[in-house]
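Colleague: Going down the list, the protein sequences come from chains A and B.
Mind the numbering: the first sequence is residues 1 to 154 in this note's numbering, read in order.
Mind the numbering: the second sequence is residues 155 to 308 in this note's numbering, read in order.
Backbone N, C-alpha and C fix where the C-beta goes; we use that ideal spot for every residue, glycine too.
Since we're looking at a predicted model, the values are computed, not measured.
Take this structure first; my questions come after.
There are 2 protein chains.
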Amino acid sequence: LSKNYQKLNPYYVCGFVDGEGSFNINIGKHNTTKCRYEVRMAFEIELRADNREILERIRTTLECGGLYFLDYKRYGWNPHYKYRVQKQSDIDRKIIPFFKKYPLQGCKAKSFEIFAEAFNVIKRKEHLTLVGVDKLKEYQHQMRLIGKKRKTFR
Amino acid sequence: LSKNYQKLNPYYVCGFVDGEGSFNINIGKHNTTKCRYEVRMAFEIELRADNREILERIRTTLECGGLYFLDYKRYGWNPHYKYRVQKQSDIDRKIIPFFKKYPLQGCKAKSFEIFAEAFNVIKRKEHLTLVGVDKLKEYQHQMRLIGKKRKTFR
């Protein structure tokens with residue numbers, strides 16, 4: 001028996017994601033792909049487990065993605081839920097169009113822009129070549145810099 | 155020369171606050187008030203300094219509050235900005251009405267509800283008595299429990 005979750009106002013989702021969402025490019029080693037790399041793009045929001053309902057409602061609003069329980073017991077942390085969209089067609093037809101229609105307003109707007117650029121590389125199948133993988137590594141690097149640009153102390 | 159910041163969609167603010175905002179009741183010792191306590195209510199959002207603009211735009215949208223720079227140099231952390239509304243009349247006429255009109259959707263809705271209840275105690279001047287302060291301490295305790303209710307591991 002699955003519960004029906006109520007959709008959220010799209011601007012609400014946009015504000016929530018500006019604070020809590022993340023756009024990720026994951027580049028892993030892979031033994032069977034031709035260029036030995038595997039690229040995965042993902043849109044994710046991770047929250048403490050007591051916020052599960054809001055993630056369900058975001059999933060209902062964006063009409064894609066899944067929820068994953070993260071136990072964290074061995075770290076002594078609170079359990080979390082992660083909302084994740086990783087399916088290429090969902091990123092293409094749902095996530096990217098949504099945030100083009102309802103643009104992010106904070107620093108995360110820049111992350112999204114790079115994410116969308118990187119996604120074009122994948123759509124053109126360039127990620128199957130080493131040149132393409134290098135391009136994606138550069139995007140990944142740029143995204144990491146956004147989170148660090150004021151880290152002047154240490 | 156002060157920059158003009160563009161207002162945000164109110165639902166955006168609501169979504170952002172559901173993730174990043176906090177409603178606080180601060181009860182401090184005070185030597186000159188009759189009941190020896192001083193109560194301050196505050197609505198706050200603290201972000202890394204590179205997100206300053208979004209806080210300025212939230213301030214413009216909510217038409218109240220101030221921004222404070224938090225250096226954190228001695229901790230070796232990134233600098234932050236805190237947006238804070240502490241003026242009683244602003245909480246009464248701006249913050250509480252705003253979040254009644256655009257209700258929070260996550261766990262934070264419960265925090266806001268308690269915050270608004272606690273504010274009524276102050277409006278009725280009950281916080282000037284020890285009975286009133288005890289009531290506020292109970293609200294403060296309830297708010298803390300919300301953040302901890304699933305903390306079953308340790």
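Could you work out which residues of chain A lie near Tyr166/B, taking near to mean beta carbons separated by less than 8 Å?
Modeller: Working through the second sequence from its first residue, we reach residue 166/B at position 12. Here the neighbours are Tyr11, Tyr12, Cys14, Gly15, Asp18 and Gln105.
Colleague: Of all the CB atoms in chain B, is at least one closer than 8 Å to the CB of Arg57/A?
Modeller: Residue mapping note: residue 57/A aligns to position 57 of the first sequence, counting from 1. Answer yes: the Cβ-Cβ gap between Arg57/A and chain B drops below 8 Å somewhere.
Colleague: At a cut of 8 Å, does the region 19-32 of chain A reach the region 40-50 of chain A through at least three beta carbon pairs?
Modeller: Segments in contact, yes.
Colleague: Measure from the C-beta of Asn4/A to each C-beta in chain B and report whether the shortest distance is under 8 Å.
Modeller: The residue labelled residue 4/A in the question sits at position 4 within the first sequence. Cβ-Cβ to chain B under 8 Å: no for Asn4/A.
Colleague: So Ile122/A contacts chain B; which residues on that side make the cut at Cβ distance below 9 Å?
Modeller: Counting from 1 along the first sequence, the entry for residue 122/A is found at position 122. Under the 9 Å cutoff, chain B gives no residues; its nearest Cβ is about 28 Å from Ile122/A.
Colleague: Is any beta-carbon of chain A found at less than 8 Å from that of Leu162/B?
Modeller: Within the second sequence, the letter at position 8 stands for residue 162/B. Leu162/B counts as touching chain A.
Colleague: Is the Cβ of Asn205/B closer than 8 Å to any Cβ of chain A?
Modeller: On the second sequence, residue 205/B is found 51 positions in, with the first residue counted as 1. Yes, its Cβ sits closer than 8 Å to a Cβ of chain A.
Colleague: Does the structure place the region 75-87 of chain A close enough to the region 108-122 of chain A that three or more beta carbon pairs sit under 8 Å?
Modeller: Cβ pair count under 8 Å is below three, so no.
Colleague: Pair every Cβ in the region 61-81 of chain A with every Cβ in the region 115-127 of chain A, then say whether three or more of these pairs are closer than 8 Å.
Modeller: Judged by Cβ distances under 8 Å, the region 61-81 of chain A makes no contact with the region 115-127 of chain A, as fewer than three pairs qualify.
Colleague: Would you report the Cα separation of Gln140/A and Gly66/A, rounded to the nearest angstrom?
Modeller: Here residue 140/A is taken as the residue at index 140 of the first sequence, counted from 1. Here residue 66/A is taken as the residue at index 66 of the first sequence, counted from 1. Roughly 23 Å between the two C-alpha positions.
Colleague: For Cys168/B and Cys64/A, I'd like the C-alpha separation in whole angstroms.
Modeller: Translated into positions along the second sequence, residue 168/B becomes position 14. Translated into positions along the first sequence, residue 64/A becomes position 64. Cα-Cα distance, rounded: 23 Å.
Colleague: Out of curiosity, what's the CA-to-CA distance linking Arg52/A and Ile181/B?
Modeller: Position 52 of the first sequence, counting from 1, holds the residue named residue 52/A. Position 27 of the second sequence, counting from 1, holds the residue named residue 181/B. Their Cα atoms are separated by approximately 31 Å.
Colleague: In the DSSP assignment, find the unbroken beta strand (DSSP E) run with Tyr11/A in it and report its ends.
Modeller: Against the first sequence, residue 11/A aligns to sequence position 11. First-last for Tyr11/A: Pro10 to Glu20, but that is the alpha helix (DSSP H), not the beta strand (DSSP E).
Colleague: Answer with yes or no whether the minimum CB distance from Leu145/A to chain B is below 8 Å.
Modeller: Residue 145/A sits at position 145 when you count from the first residue of the first sequence. Not one chain B Cβ lies under 8 Å of Leu145/A.
Colleague: Tell me the DSSP secondary structure of Leu47/A in three-state form.
Modeller: Within the first sequence, the letter at position 47 stands for residue 47/A. Three-state DSSP puts Leu47/A in a strand.
Colleague: Would a C-beta distance cut-off of 8 Å place Lys161/B and Arg213/B closer than the cut-off?
Modeller: Mapped onto the second sequence, residue 161/B falls at position 7. Mapped onto the second sequence, residue 213/B falls at position 59. Cβ atoms of Lys161/B and Arg213/B: not closer than 8 Å.
Colleague: Who are the near neighbours of Lys289/B in its chain, counting only those whose CB is closer than 6 Å to its CB and skipping five residues on each side?
Modeller: Locating residue 289/B in the second sequence gives position 135, counting from the first residue. Contacts found: Val275.
Colleague: Looking at the secondary structure, which residues open and close the beta strand (DSSP E) in which Leu70/A lies?
Modeller: The sequence position of residue 70/A within the first sequence is 70, counting from 1. Taken as a continuous stretch (DSSP letters only), the beta strand (DSSP E) holding Leu70/A covers Gly66 to Leu70.
Colleague: Here's a check: name, in chain order, each residue in its chain whose Cβ is nearer than 8 Å to the Cβ of Val133/A, leaving out the five neighbours to either side.
Modeller: Against the first sequence, residue 133/A aligns to sequence position 133. Ile27, Cys35, Tyr37, Val39 and His127, listed in sequence order.
Colleague: By Cβ distance below 7 Å, which residues in the same chain neighbour Leu258/B in space, the five residues on each side in sequence not counted?
Modeller: Within the second sequence, numbered from 1, the residue matching residue 258/B stands at position 104. So the qualifying residues of the chain are Cys168, Val171, Asp172 and Phe266.
Colleague: Tell me the rounded alpha-carbon separation between Lys100/A and Ser89/A.
Modeller: Locating residue 100/A in the first sequence gives position 100, counting from the first residue. Locating residue 89/A in the first sequence gives position 89, counting from the first residue. About 16 Å.
Colleague: With burial defined as no fewer than 16 other Cβ atoms inside 10 Å of the residue's Cβ, what is the status of Tyr165/B: buried or exposed?
Modeller: Looking up residue 165/B in the second sequence gives position 11. Result: buried.
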